[in-house]
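Participant: Protein sequence lines correspond, in order, to chains A and B.
Per UniProt numbering, the first sequence starts with residue 1, numbered consecutively.
Per UniProt numbering, the second sequence starts with residue 1, numbered consecutively.
Pasting in a structure now, in structure tokens, and then I'll have a few things to ask.
There are 2 protein chains.
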Amino acid sequence: MNVDRPVPEQAGLLARPALAVQVADALRSLILEGELKGGEKIREIELTERFGVSRTPLREAMKILAAEGLIDLIPNRGATVARRSDAELADAFPVLAALEGIAGTQAAERATDAEIAEIGRLTARLRAAVEAGDRPGYFEINQQIHAAILAASRNEVLARTHATVAGQIHRARYQANLTRSRWEKAMAEHERIAEALAARDAATLGPLLRDHMMAKLTAILGARRDKTAID
Amino acid sequence: MNVDRPVPEQAGLLARPALAVQVADALRSLILEGELKGGEKIREIELTERFGVSRTPLREAMKILAAEGLIDLIPNRGATVARRSDAELADAFPVLAALEGIAGTQAAERATDAEIAEIGRLTARLRAAVEAGDRPGYFEINQQIHAAILAASRNEVLARTHATVAGQIHRARYQANLTRSRWEKAMAEHERIAEALAARDAATLGPLLRDHMMAKLTAILGARRDKTAID
DNA sequence: GAATTGAATTCTGAATTCATAATTCGAGTC
DNA sequence: GACTCGAATTATGAATTCAGAATTCAATTC
Numbered sequence: 001m002n003v004d005r006p007v008p009e010q011a012g013l014l015a016r017p018a019l020a021v022q023v024a025d026a027l028r029s030l031i032l033e034g035e036l037k038g039g040e041k042i043r044e045i046e047l048t049e050r051f052g053v054s055r056t057p058l059r060e061a062m063k064i065l066a067a068e069g070l071i072d073l074i075p076n077r078g079a080t081v082a083r084r085s086d087a088e089l090a091d092a093f094p095v096l097a098a099l100e101g102i103a104g105t106q107a108a109e110r111a112t113d114a115e116i117a118e119i120g121r122l123t124a125r126l127r128a129a130v131e132a133g134d135r136p137g138y139f140e141i142n143q144q145i146h147a148a149i150l151a152a153s154r155n156e157v158l159a160r161t162h163a164t165v166a167g168q169i170h171r172a173r174y175q176a177n178l179t180r181s182r183w184e185k186a187m188a189e190h191e192r193i194a195e196a197l198a199a200r201d202a203a204t205l206g207p208l209l210r211d212h213m214m215a216k217l218t219a220i221l222g223a224r225r226d227k228t229a230i231d
Numbered sequence: 001m002n003v004d005r006p007v008p009e010q011a012g013l014l015a016r017p018a019l020a021v022q023v024a025d026a027l028r029s030l031i032l033e034g035e036l037k038g039g040e041k042i043r044e045i046e047l048t049e050r051f052g053v054s055r056t057p058l059r060e061a062m063k064i065l066a067a068e069g070l071i072d073l074i075p076n077r078g079a080t081v082a083r084r085s086d087a088e089l090a091d092a093f094p095v096l097a098a099l100e101g102i103a104g105t106q107a108a109e110r111a112t113d114a115e116i117a118e119i120g121r122l123t124a125r126l127r128a129a130v131e132a133g134d135r136p137g138y139f140e141i142n143q144q145i146h147a148a149i150l151a152a153s154r155n156e157v158l159a160r161t162h163a164t165v166a167g168q169i170h171r172a173r174y175q176a177n178l179t180r181s182r183w184e185k186a187m188a189e190h191e192r193i194a195e196a197l198a199a200r201d202a203a204t205l206g207p208l209l210r211d212h213m214m215a216k217l218t219a220i221l222g223a224r225r226d227k228t229a230i231d
């Protein structure tokens with residue numbers, strides 16, 4: 001009775017990721033951490049030596065990152081870290097905002113009580129960071145909250161899509177050296193978000209998160225306009 | 001996906017895409033056209049012979065498609081065409097609906113008069129297809145309308161993201177052998193969409209498109225439940 | 001007769017090699 | 001002195017080769 005069954009897609013059976021995937025992860029980190037800057041040329045040999053792998057897996061990794069929009073691959077001319085114009089940045093935010101909105105709506109419907117409680121705690125810590133004027137701490141906790149909401153939405157497709165789009169504007173998010181008044185507003189928004197989630201008010205939470213993200217865009221573009229082009 | 005898309009300033013200098021990208025396009029077509037079905041195992045050698053390339057570009061192509069979520073790559077065990085469960089399908093639709101909503105909002109703001117007129121014409125043809133009971137024609141025109149709205153939104157990030165998510169549910173869309181009453185409703189929605197666009201009513205068009213897509217999900221899941229055969 | 005073990009085969013993963021396109025740099029010319 | 005042309009160099013693209021893992025299948029044992 002040995003009907004050949006397709007491999008049950010059972011993860012966890014110590015299947016270490018392919019080298020190309022590991023390299024892609026490492027390279028993605030270099031870009032997101034800012035070690036490789038926008039517009040910078042990527043030298044294959046330099047990276048193969050750095051990672052201790054041959055060109056084959058590195059090139060496969062670059063194909064992955066190109067598909068994610070993180071690097072640009074020009075035939076016979078190599079790869080560069082994607083540089084996003086202000087226009088592309090402005091285009092990405094409504095997309096990300098829409099995704100956050102959906103995350104909020106679904107999180108309100110699907111989150112466990114434990115998740116809601118955790119997000120409440122994080123929001124309290126966020127308030128503490130604001131009071132203390134701790135900007136790095138604020139960014140860190142802020143990130144955690146958004147990640148927690150995304151996780152609570154229990155939507156894999158959404159999580160993947162969000163990660164891809166967010167990666168494309170990641171560096172810009174760190175540029176948001178926001179003003180004190182914007183900071184206060186953002187904090188207030190976060191508290192309303194936590195409330196709506198606690199009330200499982202999907203109809204409110206979705207738009208709240210969407211608008212929160214759009215406000216961030218406005219703040220970032222405003223800040224960008226004040227400085228001469230960085231990146 | 002912008003693999004190998006040259007930067008604008010150097011575009012047009014006949015840079016033929018890398019072989020891996022061509023292979024990725026061909027393989028993507030095979031999957032979207034249904035020649036390779038969900039869950040099917042992908043044999044590298046078979047495809048290298050079919051496309052007349054070596055394994056290297058094919059494997060790079062598979063990495064691209066895996067990043068797009070179109071195939072699953074299991075280390076040391078090969079590749080399979082991604083099979084989406086009903087749950088994953090149901091998860092993808094809200095994402096796609098949100099993206100369509102944004103497309104509508106931005107299209108209302110950015111579309112040229114010519115684009116609006118064209119979408120109006122397409123909607124009229126859609127009505128004609130309904131009257132004639134021409135389902136293939138309806139699907140074709142329907143597709144064109146959605147593509148036109150996406151194009152009119154002038155948002156590259158949105159277009160890429162939409163394409164990726166849509167690709168993951170492509171086959172399911174064709175399964176929608178919709179009922180007569182759902183067909184009529186969809187048609188009515190399309191006419192309201194065209195009206196809102198003509199009026200450049202962004203606040204109305206966004207939700208209209210979003211709800212239109214969600215209604216399609218309901219129809220598809222309903223139809224799926226009735227048949228035993230999947231994929 | 002069923003189950004298990006292990007050798008043989010097949011397939012995937014990655015490094016290396018070969019081919020080709022682009023860039024660099026120097027010689028020659030105007 | 002600046003520009004153009006072309007050879008040399010360097011980097012990328014793709015095929016091949018080598019290594020290792022998984023699957024298959026037959027032989028053996030209970």
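The C-beta atom is built at its ideal place from N, Cα and C for all residues, glycine as well.
Give a yes or no on whether the C-beta atoms belonging to Val-81/B and Glu-44/B are separated by under 8 Å.
Facilitator: no
Participant: Quick check on Ala-79/A: does DSSP put it in helix, strand or coil?
Facilitator: strand
Participant: Using 8 Å as the threshold, is the stretch 99-109 of chain A in touch with the stretch 152-171 of chain A, meaning 3 or more CB pairs across them?
Facilitator: Taking 8 Å as the limit for Cβ pairs, the verdict is that the stretch 152-171 of chain A does touch the stretch 99-109 of chain A.
Participant: Can you pull the chain B neighbours of Gly-101/A, defined as C-beta to C-beta under 8 Å?
Facilitator: Result: Ala-98.
Participant: Taking Cβ-Cβ distances below 7 Å as the criterion, which residues of the stretch 196-223 of chain A are in contact with chain B?
Facilitator: Interface annotation for the stretch 196-223 of chain A against chain B: empty, criterion Cβ-Cβ distance under 7 Å.
Participant: So which of Gly-137/A, Ala-103/A, Arg-135/A and His-162/A has the shortest CA-CA distance to Ile-193/A?
Facilitator: Ala-103/A
Participant: Answer yes or no: does any C-beta atom of chain A fall closer than 8 Å to that of Asn-142/B?
Facilitator: no
Participant: Residues of chain B with CB under 8 Å from Glu-60/A, in chain order?
Facilitator: Arg-59, Glu-60 and Lys-63
Participant: Which chain B residues are close to Ala-16/A, counting only those with a beta carbon under 8 Å from its beta carbon?
Facilitator: What sits at residue 16/A in the sequence shown is Arg, not Ala. Going along chain B in sequence order, the residues near Arg-16/A (Cβ under 8 Å) are Pro-75.
Participant: Closer than 7 Å, Cβ to any Cβ of chain B: which residues of the stretch 139-163 of chain A, in chain order?
Facilitator: Within the stretch 139-163 of chain A, the qualifying residues are Asn-155, Glu-156, Val-157, Leu-158, Arg-160 and Thr-161.
Participant: Entirely within the stretch 65-150 of chain B and at least 3 residues each: give me those beta strand (DSSP E) ranges in chain order.
Facilitator: The qualifying runs are 71-74 and 78-81.
Participant: If you measure from the beta carbon of Ala-124/A to each beta carbon in chain B, is any gap under 8 Å?
Facilitator: no
Participant: Taking the alpha-carbon positions, what's the Met-1/B to Thr-164/B distance?
Facilitator: Unreliable placement is indicated for Met-1/B, whose pLDDT of 44 sits below 50; the coordinate value is still reported in the next sentence. Met-1/B and Thr-164/B have their C-alpha atoms roughly 8 Å apart.
Participant: Less than 8 Å between CB atoms is the rule here; does Gln-22/A satisfy it with respect to chain B?
Facilitator: No, because no Cβ of chain B sits closer than 8 Å to the Cβ of Gln-22/A.
Participant: Check the Cβ of Glu-191/A against every Cβ in chain B and list those closer than 8 Å, keeping chain order.
Facilitator: From the beta-carbon of Glu-191/A, no residue of chain B is found nearer than 8 Å; the closest lies around 24 Å away.
Participant: Along chain B, in chain order, which residues have C-beta atoms closer than 7 Å to that of Asp-91/A?
Facilitator: By Cβ distance, chain B contributes Asn-155, Glu-156, Val-157 and Leu-158.
Participant: Tell me which same chain residues have a C-beta within less than 6 Å of the C-beta of Arg-200/B, skipping the five on either side of it?
Facilitator: Ala-108
Participant: Does the CB of Leu-13/A have a neighbour CB from chain B at under 8 Å?
Facilitator: Low per-residue confidence applies at Leu-13/A: pLDDT is 45, beneath 50, and the placement is therefore not dependable enough to give any value.
Participant: When we look at the beta-carbon of residue 262/A and count the other beta-carbons within 10 Å, is it buried (16 or more) or exposed?
Facilitator: No answer is possible for residue 262/A: it lies beyond the span of chain A, which begins at 1 and ends at 231.
Participant: Would you say Ala-67/A reaches chain B, if we count a Cβ-Cβ gap shorter than 8 Å as a contact?
Facilitator: yes
Participant: Is it a yes or a no for the stretch 57-64 of chain A touching the stretch 53-64 of chain B, going by three-plus beta-carbon pairs under 8 Å?
Facilitator: Verdict: yes, contact present.
Participant: Is Gln-143/A buried or exposed, if buried means 16 or more other CB atoms sit within 10 Å of its CB?
Facilitator: exposed
Participant: So the alpha helix (DSSP H) Thr-48/B belongs to, where does it begin and stop?
Facilitator: 44-51
Participant: Please list, in chain order, the chain A residues whose beta carbon lies closer than 8 Å to that of Glu-88/B.
Facilitator: Glu-156 and Val-157
Participant: Using the Cβ count rule (16 or more neighbours within 10 Å means buried), how would you classify Asp-72/A?
Facilitator: buried
Participant: Indicate the three-state DSSP secondary structure (helix, strand or coil) for Lys-41/A in the structure shown.
Facilitator: strand
Participant: Does the distance from the CB of Ala-92/A to the CB of Gln-22/A come in under 8 Å?
Facilitator: no
Participant: How big is the Cα-Cα spacing for residue 232/A and Ala-198/A?
Facilitator: The structure shown does not extend to residue 232/A, since chain A is modelled only from 1 through 231, so no value can be given for it.
Participant: Can you give me the C-alpha to C-alpha distance between Phe-139/B and Leu-27/B, rounded to a whole angstrom?
Facilitator: So the two alpha carbons sit approximately 23 Å from each other.
Participant: From the beta carbon of Val-95/B, is the nearest beta carbon of chain A less than 8 Å away?
Facilitator: yes
Participant: Nearest to Ala-18/B by CA position, among Val-53/A, Ala-79/A, Ala-20/A and Asp-25/A, is which residue?
Facilitator: Per the Cα distances, Ala-79/A.
Participant: Just to make sure I have the definition right: I need the residues of chain B whose C-beta is within less than 8 Å of the C-beta of Val-165/A. Which are they?
Facilitator: Val-157 and Thr-161
Participant: Whose CA, out of Ala-87/B, Ala-20/B and Phe-51/B, lies closest to the CA of Leu-221/B?
Facilitator: Ala-87/B
Participant: If you reduce the DSSP assignment to three classes, tell me which class Gly-34/B lands in.
Facilitator: Looking at Gly-34/B - three-state DSSP - the assignment turns out to be coil, as it is neither helix nor strand.
Participant: What span of residues does the alpha helix (DSSP H) with Arg-200/A cover, start to end?
Facilitator: Counted as a single uninterrupted DSSP element, the stretch harbouring Arg-200/A is not any alpha helix (DSSP H), since DSSP gives it neither H nor E.
Participant: Near Arg-154/A, what residues of its chain come up, given a Cβ to Cβ distance below 6 Å and the 5 sequence neighbours on each side ignored?
Facilitator: Arg-110
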